[in-house]
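Have a look at the structure below before the remarks.
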Amino acid sequence: MNLDLSPEEQAFRDEVRAFLRDNLTDDLKRGQRRTTSMYPEPETSGPWQQALYRQGWLVPLWPQEWGGTGWSAVQRFIFESECALAGAPLVHPMGVRLVGPVILRFGSEEQKRRYLPRILSGEDYWCQGFSEPGAGSDLASLKMRAIADGDDYILNGSKIWTTHAHHANMMFALVRTSTEGKRQEGISFLLIDMNTPGIEVRPIATIAGDHDVNEVFFTDVRVPRANRIGAENAGWECAKYLLEFERGAGIFSGRLRSQLKRVGDAIAQLKVEGVDVREQTHLVARLGEVCADLDCFEMLELRIMGALLPGQSPGAVSSVLKLRASRMKQAIAELGVEVLGPEALRWCSGEDESDSLLPLLVPDYLNSRAYTIFGGAAEVQLTIIAKSVLEA
Ligand SMILES: Cc1cc2nc3c(=O)[nH]c(=O)nc-3n(C[C@H](O)[C@H](O)[C@H](O)COP(=O)(O)OP(=O)(O)OC[C@H]3O[C@@H](n4cnc5c(N)ncnc54)[C@H](O)[C@@H]3O)c2cc1C
């Protein structure tokens with residue numbers, strides 16, 4: 078594999094670097110740096126989304142007529158890696174990466190014209206209402222009912238683990254519109270205005286002390302039938318398509334590399350405080366292993382990123398990326414806590430407002446446990462990968 082960039086690709090990389098120099102403020106970098114949970118808060122992700130939108134670089138995976146960039150896979154890789162290494166915030170993915178592609182593929186022209194521009198401008202902040210108390214890995218067992226009544230559906234039931242529902246004004250959700258036949262054939266995909274009467278959002282505190290996830294309760298909530306994407310009872314197709322983007326349409330290696338750099342910076346900071354981790358040979362060896370794994374992961378991503386172009390479905394590739402990236406994320410976070418050693422106790426309050434990295438390592442580790450659960454648990458990804466090999 079030739080890893081050299083062509084002169085045009087080098088020029089593109091310089092253009093990205095210049096954009097980052099001009100637009101990525103210290104405040105935005107700090108907001109991302111202090112984020113130990115999945116996504117930064119809207120005050121960090123929002124302004125960055127606006128900057129990318131103004132530049133026309135927000136949605137590389139969308140068709141150009143709707144704001145896509147028309148980039149090659151290599152350009153996309155360069156862009157994502159440069160953003161990650163510069164410390165740019167993650168854009169909240171629920172609109173641009175999850176519901177956007179579903180509306181593009183399954184939505185009517187009217188729905189595209191109504192929702193896509195609002196996703197791009199950031200006017201709508203989305204959350205995902207898929208999981209329920211009895212429906213996670215076995216998503217098809219979801220029970221939240223939507224009963225047709227005139228031009229509306231009436232919704233009753235609840236969703237759980239809904240990331241950033243407390244910030245969102247819109248939810249895309251799977252609801253049960255039929256209890257007949259196969260479970261998958263009684264599900265519809267609905268867009269719900271979170272300000273509709275009858276919706277209650279209750280926070281769930283995580284072990285790291287963050288408020289990221291919520292329970293959402295629906296009592297006699299009226300949602301226009303016009304807000305359904307695709308046909309009634311055909312929501313499972315939308316869900317499967319969306320999950321491919323949720324699992325692995327991102328490019329992760331740059332983000333993992335910047336997380337690893339954080340561990341390196343922590344080692345340097347500890348040395349200043351008189352703790353020289355470099356004398357602990359088992360940790361140095363572990364660091365070497367993680368670096369080698371990350372190089373391998375980057376090669377894997379470079380090889381398969383051709384499957385991540387606009388108009389293509391990532392397919393089972395997304396499960397491979399999700400599985401490897403989440404395990405790498407956990408390995409790096411574990412290394413961070415090992416580096417702290419007994420010092421971890423001193424730093425685990427998470428209350429520190431200084432720019433020190435050390436208080437972030439324990440919350441980062443605790444939150445990293447979720448990476449092999451959300452978006453489909455690791456065991457579920459393994460089953461998808463095994464099936465795709467066995468059926469080939
Ligand atoms: C931080 C976080 C954020 C989330 N955000 C959202 C969100 O915004 N919206 C949303 O809808 N959901 C969200 N989720 C929910 C997430 O998608 C589910 O937690 C996930 O699908 C697992 O479902 P579950 O929690 O019900 O666990 P279960 O499905 O009960 O699984 C429990 C354990 O059993 C194992 N298991 C289950 N089935 C199998 C199988 N077939 N083969 C082998 N092992 C199996 C799993 O691997 C897991 O270890 C989030 C979860 C987390 C942790």
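The sequence shown begins at 78 in the working numbering and counts up one residue at a time.
C-beta atoms are modelled at their ideal positions from N, C-alpha and C, and glycine is treated no differently.
None of the values given here were measured: they were computed from a predicted structure.
C-alpha gap between residue i and residue j, whole angstroms
i	j	result
Phe96	Ala88	12 Å
Gly312	Lys259	13 Å
Leu197	Leu232	28 Å
Leu422	Ala402	27 Å
Phe374	Leu467	23 Å
Ala410	Arg339	10 Å
Arg182	Val290	28 Å
Val470	Val352	Only positions 78 to 469 of the chain appear in this structure, which leaves residue 470 out of reach.
Pro166	His241	16 Å
Ile269	Met247	6 Å
Tyr130	Gly145	10 Å
Ser74	Ala225	Examination of residue 74 is not possible in this model, given that the chain is present from 78 through 469 alone.
Trp143	Val349	51 Å
DSSP bridge partner residues for residue i (one or two, in chain order)
i	result
Met247	Trp203 and Asp270
Asp226	Asp229
Ile472	What the structure shows of the chain is the stretch from 78 to 469, and residue 472 is not part of that stretch, so it cannot be assessed.
Arg305	Leu267
Ala282	His288
Arg253	Arg222 and Ile264
C-beta atoms of residue i and residue j nearer than 8 Å
i	j	result
Thr283	Asn444	yes
Ala308	Met271	no
Leu435	Ala285	no
Val93	Phe156	yes
Leu437	Thr113	yes
Ser122	Val176	no
Met382	Ala150	yes
Ile276	Val293	yes
Leu364	Ser330	no
Gly234	Asn310	no
Ser396	Ile462	yes
Met171	Gln205	yes
Leu319	Val179	yes
Top-ranked residue by Cα proximity to residue i, from the options
i	options	result
Thr449	Leu398, Leu193 and Val354	Leu398
Asn304	Ser265, Asp372 and Ile276	Ser265
Trp203	Leu193, Ala212 and Glu209	Leu193
Ala469	Ala455, Pro140 and Ala393	Ala393
Thr358	Arg90, Val416 and Ile180	Val416
Thr254	Met221, Ala242 and Val278	Met221
Val173	Glu120, Ala316 and Glu323	Glu323
Leu216	Arg334, Gly341, Lys317 and Pro436	Lys317
Leu82	Phe154, Lys106 and Thr256	Phe154
Asp213	Ala225, Trp238, Gln132 and Arg195	The sequence shown places Gly at residue 213, rather than the Asp named in the question. Checking every option, the nearest Cα to that of Gly213 belongs to Trp238.
Leu400	Gly177, Gly453 and Glu356	Gly453
Gln407	Ile281, Val354, Gln132 and Gln336	Gln336
Gln109	Leu162, Ala455, Ile306 and Gly418	Leu162
Leu412	Gly164, Leu377 and Leu333	Leu333
Arg302	Asp228, Ser433 and Gly211	Asp228
Asp99	Val354, Phe249, Trp125 and Leu219	Trp125
N- and C-terminal bounds of the alpha helix (DSSP H) containing residue i
i	result
Asn444	Leu435 to Ser445
Arg90	Pro84 to Asn100
His359	Thr358 to Ile381
Glu142	Per DSSP, Glu142 belongs to no alpha helix (DSSP H) and is neither H nor E.
Phe154	Ala150 to Ala163
Gly108	Asp103 to Arg110
Met405	Val394 to Leu417
N-terminal and C-terminal residue of the beta strand (DSSP E) that residue i is part of
i	result
Asp215	Here Asp215 belongs to no beta strand (DSSP E), and DSSP marks it neither H nor E.
Lys236	Asp229 to Ile237
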